[in-house]
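*Asks:* Residue numbers (the numbering used here), protein chains in the order written: chain A, 2 to 454; chain B, 2 to 454. Where a beta carbon is used, it is the ideal one built from N, C-alpha and C, also for glycine.
#1: Below 7 Å CB to CB, which residues in the same chain sit around residue 2 of chain B once its five sequence neighbours on both sides are set aside?
#2: Nearest to residue 388 of chain B by alpha carbon, out of A:409, A:373, A:164 and A:319?
#3: Along the chain, which unbroken stretches of the alpha helix (DSSP H) at least 4 residues long are found entirely within the region 85-149 of chain B?
#4: Cα separation between residue 18 of chain B and residue 337 of chain B?
#5: Inspect the beta-carbon positions of residue 179 of chain B and residue 285 of chain B and report whether they are closer than 8 Å.
#6: Just verifying my parser: in three-state terms, what is the DSSP assignment at residue 226 of chain A?
#7: Tell me whether residue 109 of chain A counts as near the ligand ADP, meaning its Cβ is closer than 7 Å to at least one heavy atom of that ligand.
#8: Just how far apart, CA to CA, sit residue 142 of chain A and residue 127 of chain A?
#9: For the region 316-368 of chain A, list the alpha helix (DSSP H) runs that are entirely contained and at least 4 residues long, ordered along the chain.
#10: When you compare only the Cα positions, how much space is there between residue 186 of chain A and residue 32 of chain B?
#11: If I follow the unbroken beta strand (DSSP E) through residue 429 of chain B, where does it start and stop?
#12: Go ahead and pull the three-state DSSP assignment for residue 2 of chain A.
#13: Is the shortest distance between the beta-carbon of residue 274 of chain A and the beta-carbons of chain B less than 8 Å?
#14: For residue 45 of chain B and residue 8 of chain A, which I take to be in contact (beta-carbon distance under 8 Å), what is that distance rounded to the nearest angstrom?
#15: Taking the beta strand (DSSP E) that residue 181 of chain A falls in, what are its first and last residues?
#16: What residues from chain B crowd round residue 93 of chain A, counting only those whose CB sits closer than 7 Å?
#17: Starting from residue 299 of chain A and walking both ways along the alpha helix (DSSP H), at which residues does that stretch end?
#18: Please determine if the region 318-325 of chain A and the region 221-236 of chain A are in contact, where contact requires at least 3 C-beta pairs separated by less than 8 Å.
#19: Leaving aside the five residues before and after residue 220 of chain A along the sequence, list all residues of the same chain whose C-beta is less than 6 Å from its C-beta, in chain order.
#20: Using a Cβ-Cβ cut-off of 7 Å (strictly less than) and excluding sequence neighbours within five positions of residue 330 of chain B, which residues of its own chain qualify?
#21: Alpha carbon to alpha carbon, how far is residue 274 of chain A from residue 146 of chain A?
#22: Would you say the region 81-89 of chain B touches the region 101-120 of chain B, given that touching needs at least three Cβ pairs under 8 Å?
#23: Would you say residue 358 of chain A reaches chain B, if we count a Cβ-Cβ gap shorter than 8 Å as a contact?
#24: Answer yes if the region 395-414 of chain A comes into contact with the region 345-362 of chain A, meaning at least three C-beta pairs across the two stretches below 8 Å, and no otherwise.
#25: Going by beta carbon distance, what residues of the same chain come within less than 8 Å of residue 38 of chain B, once the five residues before and after it are set aside?
#26: If I measure Cβ to Cβ from residue 455 of chain A and keep anything under 8 Å in the same chain, skipping five residues before and after, which residues do I get?
#27: Contact criterion: CB-CB distance below 8 Å. Does residue 83 of chain B meet it with respect to chain A?
#28: Between the Cα of residue 130 of chain B and the Cα atoms of B:152, B:123, B:62 and B:149, which residue gives the shortest distance?
#29: What residues in the region 157-171 of chain B have a beta carbon less than 9 Å from any beta carbon of chain A?
#30: Check the C-beta distance from residue 69 of chain B over to residue 93 of chain A and give it rounded, since I have them as a contact under 8 Å.
#31: Counting only beta-carbon separations shorter than 8 Å, does residue 111 of chain A have a partner in chain B?
#32: To the nearest angstrom, report how far apart residue 291 of chain A and residue 182 of chain A are at their CA atoms.
#33: Based on the DSSP output, what are the partners of residue 442 of chain B in its beta bridges?
#34: Residue 76 of chain A by DSSP, collapsed to three states: which one?
#35: Any residues in the region 258-289 of chain A with a beta carbon nearer than 7 Å to a beta carbon of chain B? Which ones, in chain order?
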């Protein structure tokens, strides 16, 4: 019996139109990365589970897709194994890539002797997560990461902002970057009297836009902060003004914190670079930005589209010692990641995809039968030699059907050569959009099409 | 303890240089596909095992990478399951894509109402096979497939030959295509008196180049062909001459076989198209070509490089009813697949990769310290605005180190602005290849670099 075809939940097929649009996004991002001197790498879809496990927290470990060992995987299992949590590790040694960061850290450590540092790399590949599928969240999705590793200079942070600006400018998306610095958050935790509660604190203040001041205060109280502690953090939650004013307020709040002031120094220096190099994107200081990720140690970035309501379309920050887990300590890195699916949704929602994105052929020759095909074949070949995108309809079918095929594919001209045209040495060329039709000598066809190309 | 990093056997990391070379191959192939009006699709890395199992023979089923169900996969297993072959199917519902053909058939069937036929698609994605890794054989490798589905016209076969010719011409690889037709092989089996033994017969004659006539005869005898049968097949094994002469001999051999003559008719028609459209590749009839694959029903193709000893670099053929397994019968298709890894090896072996493939930045500004960076930043930004690929070294390091970094990355010019240059409003620009160095006014830098670009 024939199978009813389907694909695993949370995964997607990409149609030709979707592919054109996705390639447009990836090609734009890639061209900017290359322009700034970043080099592309790729890593395998599968990594050893020993590389992946323990890097994403307990929750992340559960979301790894594990691959069954080939051969007789189950002979190693005893019946007791079926009741514990160890069975999967006895039958699986490999898992699918969960992000691009851990494979990159593994790559840098493994190939450190071939790499000249600072290493500016980008990577555009799918990742897989056994998340519960829901609207806008997939089990297979593409990440676009760009990182510099082996340099602590804030010029790298600047470069990432410049690239984000250029990518979104090229795509026609108005965007703004929020920036913060993890050291400032550490300073805040310090002056609140709870340096150990930095995670609880940042999780709470990260929610200020969503749940408001009162609820953030409540959450902080529930995590063991008292009224005095909260009052020291509160200026961050209520401040307004431009970047300079915000920094001035924080200088005051953090005056007693050395790490906090280091964070403010870094932020000010980065902003001075920004005013000198002028990225094509607004840069706003936001001390409530935390991005939940524990491994950031310096700058934190997040980009949002200004004209479309959706989560962040790009984000990242500086991390120290990521490669340290693979035996290479003290290497600082900074990077950002572009969210291709969300960028796609923004471009769709704002109708900003260029109209000619499908790169359809310029002309299709109709198939009027064997004799006509012999007349047309050398013409088609010579047009292609000149670089024109040409189709020849493969079957002798009703002209209406051929016309519809060309029209659906976004082909601009339909060229028809029947008996009359052959005897005249011409082709009848119909503009599919305007309906206009004219006879053109075969040897003038190329210049006609080049002009219209 | 730090882990010693490694990747699963049979998989690969791709370094920046390898990526530049691979992208060059893929971009070349993709540009040709697009020029002929083929549209790109992508399918998920994971398919349901029900889609994959039974499509590649028993051996193929064993080579599928299966993905462990998420959640508590093992609670469904009883101790008895551990002894049979069924355990993996109880804990795995998904597998990794084994080729692009079955996912394409699934795609066509699943999306038939959105597709306008004939559907000309290409797909460039990795596939995974649990093969024993060995030199040149990987467990993860990229396939580049191009197919037309929904048209029986031989113009499609022609188009594939034209595209293969154009791809290898663009890559600078001299190549030749062997063509055959499965119907001719069916005719041969028929006149040998063993139409049911077509597979044994084609497997044997496919080996003629490798093992020679005597051994092929032996193999045929061992499969139950007698002397009379073998004598009828033998002209195919010993023939020489050009395409026309070969076809004439086969017309004679196959005179009693209707299907054999249909195959020869198809071959002749395709060759007449070839002489009219002139692909950029030699086309040789080879009646021993079988390509082992059971699903070909018409034309069979194989491309080999002429100047480098390696297996086929491209191949394919016509298949009928592939989508039939997914409930869509009677749809004929034809396609070819490019072997990216082998093409890479040919280009490496012949030293045919273009020298400027890495697309390195044209210029790098040295980092001479904070003051100098302020002078240089607006210059770097304005050069980038003009489309020049520019790096600014992020750290204040010894000039020698910065020079070496630029040199290793294939950057052509190193621009240095120290105190003197700043006071003069210039930069000192060193040609890294020639060693030549000169002072250039900042506002003349752009025109200097554009000229050198």
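*Replies:* According to the structure data:
#1: Position 1 of the second chain holds residue 2 of chain B. Only weak support exists for where residue 2 of chain B lies, its pLDDT of 44 falling under 50; the value from the coordinates is given anyway. Excluding residues within five positions, none has a Cβ falling inside 7 Å.
#2: As a first step, residue 388 of chain B must be located in the second chain, where it is residue number 387. Among A:409, A:373, A:164 and A:319, the Cα nearest to that of residue 388 of chain B is on A:164.
#3: Listed in chain order, the complete alpha helix (DSSP H) runs (minimum 4 residues) inside the region 85-149 of chain B are 88-92 and 102-111.
#4: Taking the first residue of the second chain as 1, we reach residue 18 of chain B at position 17. Taking the first residue of the second chain as 1, we reach residue 337 of chain B at position 336. Straight-line Cα distance between these residues: approximately 28 Å.
#5: Stepping through the second chain from its first residue, residue 179 of chain B is reached at position 178. Stepping through the second chain from its first residue, residue 285 of chain B is reached at position 284. Here residue 179 of chain B is near residue 285 of chain B, since their CB atoms are less than 8 Å apart.
#6: Here residue 226 of chain A corresponds to residue number 225 of the first chain, with the count starting at 1. Residue 226 of chain A falls in the coil class under three-state DSSP.
#7: This structure simply doesn't include the ligand ADP, nor any ligand for that matter.
#8: Numbered from 1 along the first chain, position 141 holds the residue referred to as residue 142 of chain A. Numbered from 1 along the first chain, position 126 holds the residue referred to as residue 127 of chain A. The straight-line gap from Cα to Cα measures roughly 5 Å.
#9: 341-350
#10: Looking up residue 186 of chain A in the first chain gives position 185. Looking up residue 32 of chain B in the second chain gives position 31. Cα to Cα, the separation comes out at about 49 Å.
#11: Here the question's residue 429 of chain B lines up with position 428 in the second chain. Boundaries of the beta strand (DSSP E) harbouring residue 429 of chain B: 427-432, taken from the DSSP string.
#12: What you label residue 2 of chain A is simply residue 1 of the first chain in a count that begins at 1. Low local confidence applies: a pLDDT of 44 at residue 2 of chain A is under 50, so the model's placement there is unreliable, and no value is given.
#13: The residue labelled residue 274 of chain A in the question sits at position 273 within the first chain. Residue-level contact check: residue 274 of chain A touches chain B, since one or more beta carbons of chain B fall below 8 Å from its beta carbon.
#14: As a first step, residue 45 of chain B must be located in the second chain, where it is residue number 44. As a first step, residue 8 of chain A must be located in the first chain, where it is residue number 7. About 5 Å separates the two Cβ atoms, so the contact holds.
#15: For the purposes of this step, residue 181 of chain A is identified with residue 180 of the first chain, where counting begins at 1. Start and end: 176-182.
#16: The sequence position of residue 93 of chain A within the first chain is 92, counting from 1. Result: 69.
#17: For the purposes of this step, residue 299 of chain A is identified with residue 298 of the first chain, where counting begins at 1. Premise fails: residue 299 of chain A lies in the beta strand (DSSP E), 297-306, not in any alpha helix (DSSP H).
#18: no
#19: Residue numbering aside, residue 220 of chain A sits at position 219 when the first chain is read from its first letter. For residue 220 of chain A, same chain residues with a beta-carbon under 6 Å away, outside a window of 5 residues either side, are 205 in chain order.
#20: The residue you call residue 330 of chain B lines up with position 329 of the second chain. For residue 330 of chain B, where only same-chain residues beyond five positions count, the Cβ hits under 7 Å are 322.
#21: For this step, residue 274 of chain A is matched to residue 273 along the first chain. For this step, residue 146 of chain A is matched to residue 145 along the first chain. The straight-line gap from Cα to Cα measures roughly 23 Å.
#22: no
#23: Taking the first chain and counting its residues from 1, the one referred to as residue 358 of chain A is at position 357. For residue 358 of chain A, the answer is no, since every Cβ of chain B falls outside 8 Å of its Cβ.
#24: yes
#25: Taking the first residue of the second chain as 1, we reach residue 38 of chain B at position 37. Same-chain partners within the cutoff: 121.
#26: Outside the shown range of chain A, which is 2 to 454, sits residue 455 of chain A, and nothing can be said about it.
#27: Reading the second chain from its first residue, position 82 is the one you call residue 83 of chain B. So, interface residue.
#28: The residue given as residue 130 of chain B occupies position 129 in the second chain. Of B:152, B:123, B:62 and B:149, the residue nearest in Cα terms is B:62.
#29: 157, 159, 160, 163 and 167
#30: Sequence index remark: in the second chain, residue 69 of chain B carries index 68 (1-based). Sequence index remark: in the first chain, residue 93 of chain A carries index 92 (1-based). About 6 Å separates the two Cβ atoms, so the contact holds.
#31: Counting from 1 along the first chain, the entry for residue 111 of chain A is found at position 110. Residue 111 of chain A counts as touching chain B.
#32: Residue 291 of chain A sits at position 290 when you count from the first residue of the first chain. Residue 182 of chain A sits at position 181 when you count from the first residue of the first chain. Near 8 Å, if we compare the C-alpha coordinates of residue 182 of chain A and residue 291 of chain A.
#33: Taking the second chain and counting its residues from 1, one reaches residue 442 of chain B at position 441. B:427.
#34: Position 75 of the first chain, counted from the first residue, corresponds to residue 76 of chain A. Residue 76 of chain A falls in the helix class under three-state DSSP.
#35: 274, 277, 278 and 279
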